[in-house]
Amino acid sequence: MIYSIARLAVCILFLSLASYTDIKTREIKNWIWIGLSMAGITILLIQLFLDQIGLINLLGIPLMCGFAYLFFYLGMLAGADAKALMALSLAVPLWPQLGTYPVFSSVLPFPFAVFINSILLVIPLMIVFCLYNVVKGNREFPYLFFGYKVPFEKANESFVWPIESVEAGKRKIALSRNKDKNEVLKELASKGKNEVWITAELPYTVFLLIGLVISYFIGDAVGYGVLQIAG
């Protein structure tokens with residue numbers, strides 16, 4: 372239990388610092404992720420020295436690091452978000468043991484449970500986007516779930532990103548960030564559009580922090596439910 376408490380305290384400290392700077396500037400200093408990683412490695416080394424841990428239980432570390440890098444490479448994750456997931460895999464590689472918590476465990480490595488719970492927290496925002504767009508009469512699928520329409524001059528504001536682009540002369544949804552923002556806006560403007568679909572650049576570390584706490588005490592309810600249905 373002591374290892375689980377130590378890991379939770381360390382993660383809350385560093386993820387709180389990361390969330391604060393993420394909200395303020397959408398930038399996170401590398402020392403935060405280095406500090407989180409080093410603290411996690413220290414706890415893990417102590418645990419490995421004092422207790423017996425099968426290496427199979429640490430499989431979540433390389434899996435999450437590979438997963439985060441792949442999503443960063445594909446433009447689905449910002450660099451800071453990928454670093455956050457990698458650091459988290461080192462900080463909490465094992466399922467916590469806090470008495471009767473977490474309520475639901477699963478076969479997934481714990482870092483993936485945290486990631487899934489953090490993503491689920493975005494669903495209410497998608498519902499808000501949908502309701503807002505329906506009221507405004509902007510009902511283009513699937514854009515209405517991911518953002519909202521603004522005039523081009525407002526698309527250059529900080530902390531927003533276009534979710535449509537032009538590929539081979541055709542307009543398409545673009546949730547990744549492989550292109551330069553100004554380049555995307557110029558391409559869309561050349562098509563004679565007056566408005567563009569954008570989305571807010573969310574401070575993902577806030578969702579990650581909340582997802583961590585949920586995972587510690589509730590666990591992987593989705594994975595547990597799937598296993599129960601599968602029988």
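In the numbering used here, the protein residues as written are 372 to 602.
Using N, Cα and C, we set each Cβ at its ideal position, and we do this for glycine too.
As the structure is a prediction and not an experimental result, all values here were calculated from the model.
Separation of the CB atoms of Leu-388 and Leu-583 is rounded to 14 Å, and the pair is thereby denied contact status at 8 Å. Of the residues assessed, Tyr-444 falls on the exposed side of the cut-off, its CB having fewer than 16 other CB atoms within 10 angstroms. Only buried fits Thr-576, as 16 or more other CB atoms lie within 10 angstroms of its CB. According to DSSP, Ala-571 shares a beta bridge with Val-531. In the three-state reduction of the DSSP assignment, Leu-430 falls in the coil class, being assigned neither a helical nor a strand state. The Cβ atoms of Asp-591 and Leu-430 lie no closer than 8 Å to each other. Leu-469 and Ser-375 do touch by the CB rule: their CB atoms are close to 5 Å apart, below 8 Å. In chain order, Val-537, Arg-542 place their CB closer than 8 Å to the CB of Lys-562, counting only its own chain and leaving out the 5 sequence neighbours on each side. Burial is judged here by how many other beta carbons sit within 10 angstroms of a residue's own beta carbon; Lys-395 has fewer than 16 and is exposed.
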